[in-house]
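Notes follow once the structure below has been shown.
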Amino acid sequence: MKHTIFITGVRVLLCTAIILYGTIAFAKDFPPQARHALIQAQNCIKNEKLAEADKILSQYLQSTKETVPAEVFIMQGGARNDTGDKAGALEAFMSGLKLYPENKPLCHNSAVLLYGQQKYAQAASLFERTYELTDPKEPRMLYHAGAAFYEGEKYAKSARVLSRLLASTQGPKKEWIKLAVHSYLQAGQQNKALSYLDTLLKKFPQEAEYWKLLAKVEMDRNRYVQAAAALEMGYSFISPTDQESRQLLQIYKYINAPLKAANAMSRLYGRQLTPKQAQELALLYDRAGKPQEALKIINRSLNNEPEGTSFQQLMITKGKLLYSLRKYGAAKAIFSLCLKKTPTPEARLYRALCFWELKQWEFSRKDFQQLTGLKKYKSRAQSALAALDDLEEARAEASKG
Numbered sequence: 096m097k098h099t100i101f102i103t104g105v106r107v108l109l110c111t112a113i114i115l116y117g118t119i120a121f122a123k124d125f126p127p128q129a130r131h132a133l134i135q136a137q138n139c140i141k142n143e144k145l146a147e148a149d150k151i152l153s154q155y156l157q158s159t160k161e162t163v164p165a166e167v168f169i170m171q172g173g174a175r176n177d178t179g180d181k182a183g184a185l186e187a188f189m190s191g192l193k194l195y196p197e198n199k200p201l202c203h204n205s206a207v208l209l210y211g212q213q214k215y216a217q218a219a220s221l222f223e224r225t226y227e228l229t230d231p232k233e234p235r236m237l238y239h240a241g242a243a244f245y246e247g248e249k250y251a252k253s254a255r256v257l258s259r260l261l262a263s264t265q266g267p268k269k270e271w272i273k274l275a276v277h278s279y280l281q282a283g284q285q286n287k288a289l290s291y292l293d294t295l296l297k298k299f300p301q302e303a304e305y306w307k308l309l310a311k312v313e314m315d316r317n318r319y320v321q322a323a324a325a326l327e328m329g330y331s332f333i334s335p336t337d338q339e340s341r342q343l344l345q346i347y348k349y350i351n352a353p354l355k356a357a358n359a360m361s362r363l364y365g366r367q368l369t370p371k372q373a374q375e376l377a378l379l380y381d382r383a384g385k386p387q388e389a390l391k392i393i394n395r396s397l398n399n400e401p402e403g404t405s406f407q408q409l410m411i412t413k414g415k416l417l418y419s420l421r422k423y424g425a426a427k428a429i430f431s432l433c434l435k436k437t438p439t440p441e442a443r444l445y446r447a448l449c450f451w452e453l454k455q456w457e458f459s460r461k462d463f464q465q466l467t468g469l470k471k472y473k474s475r476a477q478s479a480l481a482a483l484d485d486l487e488e489a490r491a492e493a494s495k496g
């Protein structure tokens with residue numbers, strides 16, 4: 096069965112900022128040229144002369160023979176970032192990171208800017224490294240790493256990081272579990288996804304979104320009964336859209352649950368049914384063993400429908416329902432009315448069958464005879480006529496006896 100994917104993915108917006116130094120506390124062994132350049136640049140930044148601060152630090156980097164401290168790269172990258180020069184800021188942070196791979200601000204800032212440039216895999220790796228460098232640990236760094244891997248379509252890596260996050264955190268946030276579910280789904284690890292979904296549903300049983308997500312997983316596993324049950328649960332907390340209601344209706348049709356399908360269709364369309372919808376709904380109730388309910392729907396539609404093509408088809412459907420209820424006289428009357436208005440082979444066939452059940456053999460014979468010239472009905476009409484001939488012969492023999 097084809098199904099609409101109503102979970103289209105998770106786009107995670109990174110809510111983290113560049114780490115900057117405020118007033119720098121210089122150690123006794125801090126390189127003197129670096130100290131001088133940083134103080135000058137810091138004063139420029141305080142006076143909102145960001146380009147001047149960048150120029151001072153660039154000149155220092157080009158001329159110095161000192162070992163450049165990490166703070167220089169952090170301040171330069173921050174100044175460039177605040178002027179909108181994201182590429183220049185990233186260059187500064189990454190240059191520093193090469194010299195100081197264990198520096199948390201450089202690692203974190205590089206990750207933020209790489210993410211902004213859609214270099215997701217690199218950003219994810221640096222967010223994960225930032226987590227390792229943090230004491231105490233900052234779980235959101237692992238979340239950012241998982242989000243970045245997900246954005247980069249590295250779903251297995253995203254799932255790995257998020258699994259690590261959830262395993263190491265007491266009371267994980269809802270969005271963390273949700274992203275883990277999506278990551279495992281995209282990575283094709285449905286059992287893992289179901290495990291985390293179970294966690295979500297236990298914590299947030301009234302969140303319709305998670306029931307819909309469970310339904311998607313179940314449909315991916317071709318477990319449509321379970322998918323429908325999940326959707327029903329979810330829709331008990333929210334009003335589904337028309338598209339969602341139609342999806343549930345299609346699932347019930349697919350799994351051959353006509354009563355469930357009829358109920359879903361009734362909720363979707365209410366009492367304002369088109370003739371075509373009335374026909375479909377009546378058929379569903381009839382298949383579910385509720386012909387009386389089907390007849391009510393057809394009668395209601397007939398009361399609202401002016402005579403015409405739709406009216407004729409509704410009348411035929413009504414006749415069929417009466418026939419199935421063994422109300423042959425009433426059904427015959429309906430089909431006779433149809434034949435007076437717009438003669439159709441279908442109405443004639445069912446009237447012939449009604450005459451048969453009422454033992455009005457000659458009337459039945461006349462209707463069947465008129466169907467023998469139609470390819471669709473020829474075989475059935477000939478069989479019925481042969482049976483009528485046998486009955487006639489049997490009655491003749493009985494009368495002689």
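Residue numbers (the numbering used here): 96 to 496. Virtual Cβ for every residue (Gly too), placed ideally from N, Cα, C.
Query - Inside the region 383-435 only - alpha helix (DSSP H) runs reaching at least 4 residues - result: Inside the region 383-435, DSSP marks whole alpha helix (DSSP H) runs of 4 or more residues at positions 386-399 and 404-419, from first to last along the chain.
Requested in this report: Could you tell me whether the Cβ atoms of L420 and Q455 are closer together than 9 Å?
Outcome: Here the question's residue 420 lines up with position 325 in the sequence shown. Here the question's residue 455 lines up with position 360 in the sequence shown. No, the Cβ-Cβ distance between L420 and Q455 is not below 9 Å.
Requested in this report: Go through its chain and collect everything with a Cβ distance to F222's Cβ below 7 Å, but skip five positions before and after it.
Outcome: For this step, residue 222 is matched to residue 127 along the sequence shown. For F222, where only same-chain residues beyond five positions count, the Cβ hits under 7 Å are A206, M236, H239, A240 and A243.
**Report entry** Start-to-end residues for the alpha helix (DSSP H) that takes in I333
**Finding:** As a first step, residue 333 must be located in the sequence shown, where it is residue number 238. Per DSSP, I333 is not a residue of any alpha helix (DSSP H), being assigned neither H nor E.
Requested in this report: Given a cut-off of 9 Å, decide if A352 and L326 are closer than it, judged by their beta-carbon atoms.
Outcome: To locate residue 326, count along the sequence shown from 1; it is residue 231. To locate residue 352, count along the sequence shown from 1; it is residue 257. Not closer than 9 Å, so no.
Query raised in the report: When the Cα atoms are used, what is the spatial distance from M410 to Y423?
Result: Reading the sequence shown from its first residue, position 315 is the one you call residue 410. Reading the sequence shown from its first residue, position 328 is the one you call residue 423. For M410 and Y423, the distance between alpha carbons rounds to 15 Å.
Query raised in the report: From A282, G283, V276 and Q284, pick the residue whose C-alpha is nearest to that of W306; which is it?
Result: Taking the sequence shown and counting its residues from 1, one reaches residue 306 at position 211. Of all alpha-carbon atoms in A282, G283, V276 and Q284, the one lying nearest the alpha-carbon of W306 is that of V276.
Query raised in the report: Does DSSP put Y195 in a helix, in a strand, or in coil?
Result: For the purposes of this step, residue 195 is taken as residue 100 along the sequence shown, with counting starting at 1. Residue state, collapsed to three classes: coil.
Report task. Return helix, strand or coil for P231, following the three-state DSSP convention. Result -> For the purposes of this step, residue 231 is taken as the residue at position 136 of the sequence shown. In the three-state DSSP reduction, P231 falls in the coil class, being neither helix nor strand.
Query raised in the report: Below 9 Å between beta carbons: does that hold for A216 and A174?
Result: For the purposes of this step, residue 216 is taken as residue 121 along the sequence shown, with counting starting at 1. For the purposes of this step, residue 174 is taken as residue 79 along the sequence shown, with counting starting at 1. Cβ distance not < 9 Å, so A216 and A174 don't count as in contact.
Query - Range covered by the alpha helix (DSSP H) that runs through P37 - result: No statement about residue 37 is possible, as the shown extent of the chain runs from 96 to 496 and does not include it.
Query raised in the report: Quick check: the region 294-306 against the region 259-272, are there 3 or more CB pairs under 8 Å?
Result: Counting Cβ pairs under 8 Å, three or more are found: they touch.
Query - Local Cβ density within 10 Å of M96, reported as buried at 16 or more and exposed below that - result: Your numbering for residue 96 matches position 1 in the sequence shown. Its pLDDT being 39, under 50, M96 is placed unreliably by the model, and the measurement read from it follows with that caveat. M96 is exposed by the Cβ-count criterion.
Query raised in the report: Taking the C-alpha atoms as reference points, what is the distance between G468 and E487?
Result: Sequence index remark: in the sequence shown, residue 468 carries index 373 (1-based). Sequence index remark: in the sequence shown, residue 487 carries index 392 (1-based). If you take the alpha carbons of G468 and E487, they lie about 23 Å apart.
Requested in this report: Output the distance between the C-alpha atoms of K436 and L289, rounded to the nearest integer angstrom.
Outcome: Here residue 436 refers to the residue found at position 341 of the sequence shown. Here residue 289 refers to the residue found at position 194 of the sequence shown. Near 59 Å, if we compare the C-alpha coordinates of L289 and K436.
Report task. Alpha carbon to alpha carbon, how far is E227 from P196? Give it in angstroms, no decimals. Result -> As a first step, residue 196 is located in the sequence shown; it is residue number 101 there, counting from the start. As a first step, residue 227 is located in the sequence shown; it is residue number 132 there, counting from the start. If you take the alpha carbons of P196 and E227, they lie about 12 Å apart.
Query raised in the report: Does the Cβ-Cβ distance between Q135 and I151 come in under 9 Å?
Result: Start at 1 with the first residue of the sequence shown, and residue 135 comes out as number 40. Start at 1 with the first residue of the sequence shown, and residue 151 comes out as number 56. Taking 9 Å as the cut-off, the beta carbon of Q135 is found closer than this to the beta carbon of I151.
Report task. Pick helix, strand or coil for I119, following the three-state DSSP scheme. Result -> In the sequence shown, residue 119 corresponds to position 24, counting from 1. DSSP places I119 in coil when its eight states are reduced to three.
Query raised in the report: Where does Q281 fall in DSSP's three states?
Result: Mapped onto the sequence shown, residue 281 falls at position 186. If DSSP states are grouped into helix, strand and coil, Q281 belongs with the helices.
Requested in this report: Assign S474 to buried or exposed, taking buried as 16 or more other Cβ atoms, counted over all protein chains shown, within 10 Å of its Cβ.
Outcome: Along the sequence shown, read from residue 1 onward, the residue named residue 474 stands at position 379. Exposed.
Query - Rounded C-alpha distance that separates A254 from V312 - result: Mapped onto the sequence shown, residue 254 falls at position 159. Mapped onto the sequence shown, residue 312 falls at position 217. Straight-line Cα distance between these residues: approximately 16 Å.
**Report entry** Residues of its chain near L444, where Cβ-Cβ distance is below 7 Å and the 5 sequence neighbours each way are ignored
**Finding:** Against the sequence shown, residue 444 aligns to sequence position 349. Close CB contacts of L444 within its chain, under the 7 Å cut and outside five residues either way in sequence, are with L466 and Y472 (chain order).
Report task. Compare the Cα-Cα distances from I140 to each of L343, S478, A323 and M170 and report the closest residue. Result -> As a working note, residue 140 is residue 45 in the sequence shown. Per the Cα distances, M170.
Query raised in the report: When the Cα of A165 is compared with those of A184, N198, Y155 and S153, which residue comes out closest?
Result: For the purposes of this step, residue 165 is taken as residue 70 along the sequence shown, with counting starting at 1. Of A184, N198, Y155 and S153, the smallest CA-CA separation from A165 is found for N198.
Requested in this report: Using a Cβ-Cβ cut-off of 9 Å, state whether L192 counts as contacting chain C.
Outcome: No chain C appears in this structure, which consists of one protein chain only.
Report task. Determine, using beta-carbon pairs with one atom in the region 341-349 and one in the region 368-376, whether at least three such pairs fall under 8 Å. Result -> Short answer: they don't touch.
Query raised in the report: Which whole-angstrom value is the C-beta distance of T162 and P126, which I expect to be below 8 Å?
Result: Here residue 162 is taken as the residue at index 67 of the sequence shown, counted from 1. Here residue 126 is taken as the residue at index 31 of the sequence shown, counted from 1. Contact holds; Cβ gap of about 6 Å.
Query raised in the report: On the three-state DSSP scale, how would you describe I134?
Result: Against the sequence shown, residue 134 aligns to sequence position 39. Annotated three-state conformation of I134 is helix, per DSSP.
Query raised in the report: Around the Cβ of E412, are there at least 16 other Cβ atoms within 10 angstroms (buried) or fewer (exposed)?
Result: Numbered from its first residue, the sequence shown carries residue 412 at position 317. Note that residue 412 is Thr in the sequence shown, not Glu. Per the 10 Å Cβ criterion, buried.
Query raised in the report: From which residue to which residue does the alpha helix (DSSP H) around A251 run?
Result: Indexing the sequence shown from 1 puts residue 251 at position 156. For A251, the uninterrupted alpha helix (DSSP H) run begins and ends at Y250 to A262, by DSSP.
Report task. Indicate the three-state DSSP secondary structure (helix, strand or coil) for E143 in the structure shown. Result -> If you number the sequence shown from 1, residue 143 lands on position 48. In the structure shown, the three-state DSSP call for E143 is coil.
Query raised in the report: Under the three-state reduction of DSSP, which class applies to G173: helix, strand or coil?
Result: The residue given as residue 173 occupies position 78 in the sequence shown. Residue state, collapsed to three classes: helix.
Requested in this report: Rounded to whole angstroms, what's the CA-CA distance from Q374 to D315? Just pull it up for me.
Outcome: As a working mapping, residue 374 is identified with position 279 in the sequence shown. As a working mapping, residue 315 is identified with position 220 in the sequence shown. So the alpha carbons of these two residues sit roughly 31 Å apart.
**Report entry** Residue range of the unbroken alpha helix (DSSP H) whose run includes R362
**Finding:** Sequence index remark: in the sequence shown, residue 362 carries index 267 (1-based). For R362, the enclosing alpha helix (DSSP H) covers residues P353 to Y364.
Requested in this report: Label L390 either buried or exposed according to how many other C-beta atoms from any shown protein chain fall within 10 Å of its C-beta, with 16 as the threshold for buried.
Outcome: Position 295 of the sequence shown, counted from the start, is the residue given in the question as residue 390. Classification of L390: buried, given that the 10 Å Cβ count is 16 or more.
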